[in-house]
Amino acid sequence: MNQIIIRPATEADAGEMLGLYAPYVIHTTVTSEYEPPSLEEFLGRIRTYTAKTPWLCCEMDGQIVGYGYASPHRKRAAYQWSCETSIYTRMGCHRRGIASALYTALFEILAYQGYYSIYVGITCPNPRSMAFHMSMGFERMGAYHNSMYKFGQWRDVIWMGKSLRHHDGAPQPTIPYPEIRDSAFCREVLAHAAELVHEPRGEQPHE
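Here it is as structure tokens:
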């Protein structure tokens with residue numbers, strides 16, 4: 001059985017995660033970038049996002065096979081309780097529950113921090129990703145029609161959302177991720193999430 005760990009990503013992981021991410025930029029419309037970012041730029045994203053929200057990676061036998069993170073939905077003050085999430089699984093490592101495990105951990109940590117809503121943008125067509133996100137509790141919210149141009153074609157971006165808690169009453173300030181990163185709560189959440197990763201199974205919704 002493979003040794004599986006889900007843990008906070010560190011700056012030392014940047015090169016390996018960038019290598020995992022680059023094929024999505026070059027070969028797919030999953031991301032809107034045309035060229036993979038430089039290592040310096042990728043490091044900057046880690047530093048910026050982890051000042052407030054989690055960035056997690058899934059490690060299997062010492063190799064990073066997936067990572068996921070949350071980022072601000074919008075910058076203005078009234079949106080501070082909403083965020084966006086992104087998950088990337090190493091090519092060839094799908095159908096093992098890696099994305100599901102990372103999402104499960106992110107949901108619990110973000111809810112504990114005080115976030116209320118999370119959103120994800122999915123470039124069309126990608127019915128498998130939509131099915132996967134629906135299986136994780138997301139609902140279709142709307143679309144930005146013909147908002148993205150990549151590989152010689154205009155594409156729609158479908159937005160899906162998920163509530164982490166009831167929207168009742170005034171919210172409290174969110175807890176910055178560094179304040180809870182090494183807490184017993186987060187360690188327990190990550191350990192439980194790692195148990196959700198499994199050996200490859202039959203055809204599953206795309207992660």
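For the record, in the sequence shown the residue sitting at position 126 is 126 according to full-length UniProt numbering, with numbers rising by one throughout. In this text, a Cβ means the ideal position worked out from N, Cα and C, and glycines have one as well.
DSSP-derived helix/strand/coil call for residue i
i: SER135; result: helix
i: ARG90; result: coil
i: PRO8; result: strand
i: GLY15; result: helix
i: residue 214; result: The requested residue 214 is not part of the displayed model; the chain covers only 1 to 207.
i: CYS83; result: strand
i: PRO72; result: strand
i: GLN113; result: helix
i: LEU20; result: helix
i: GLU188; result: helix
i: ALA143; result: strand
i: TYR119; result: strand
i: VAL197; result: coil
i: GLU41; result: helix
i: TYR49; result: helix
i: ASN2; result: coil
i: VAL65; result: strand
Cβ-Cβ distance between residue i and residue j below 9 Å
i: PRO176; j: TRP81; result: no
i: HIS192; j: THR104; result: yes
i: residue 246; j: TRP159; result: Residue 246 lies beyond the stretch modelled for the chain, which goes from 1 to 207, so this question has no answer here.
i: GLU11; j: ILE46; result: yes
i: GLY137; j: ALA99; result: no
i: SER32; j: LYS150; result: yes
i: TYR88; j: SER71; result: no
i: VAL197; j: SER129; result: no
i: HIS167; j: TYR115; result: no
i: ILE6; j: CYS58; result: yes
i: ARG201; j: ARG74; result: no
i: ASP156; j: SER147; result: yes
i: MET60; j: CYS93; result: yes
Residue i versus the options, residue with shortest Cα-Cα distance
i: ASP13; options: VAL25, GLU40, ILE26, GLU33; result: GLU40
i: GLY19; options: ARG7, LEU106, LEU43, ALA194; result: LEU43
i: TYR112; options: ARG76, ILE64, THR31, SER183; result: SER183
i: ARG181; options: LEU164, GLU108, ASP168, ARG201; result: GLU108
i: LEU102; options: GLY169, TYR21, GLN3, VAL189; result: VAL189
i: VAL25; options: MET91, GLU195, MET134; result: MET91
i: ALA51; options: ALA143, GLU199, PRO8; result: PRO8
i: THR174; options: PRO36, LEU110, CYS124; result: LEU110
i: SER86; options: PHE185, ASN2, GLY161, GLU179; result: GLY161
i: ARG187; options: GLY62, GLU16, LEU106, TYR144; result: LEU106
i: ALA143; options: ILE64, CYS124, PHE132; result: CYS124
i: GLN63; options: GLU16, ASN126, SER163, ARG76; result: GLU16
i: GLY66; options: ILE4, ASN126, TYR34, THR28; result: ILE4
i: ALA194; options: TYR34, LEU56, HIS27, PRO23; result: LEU56
Whole runs of the beta strand (DSSP E) within the region 146-181, excluding any shorter than 3 residues
153-163
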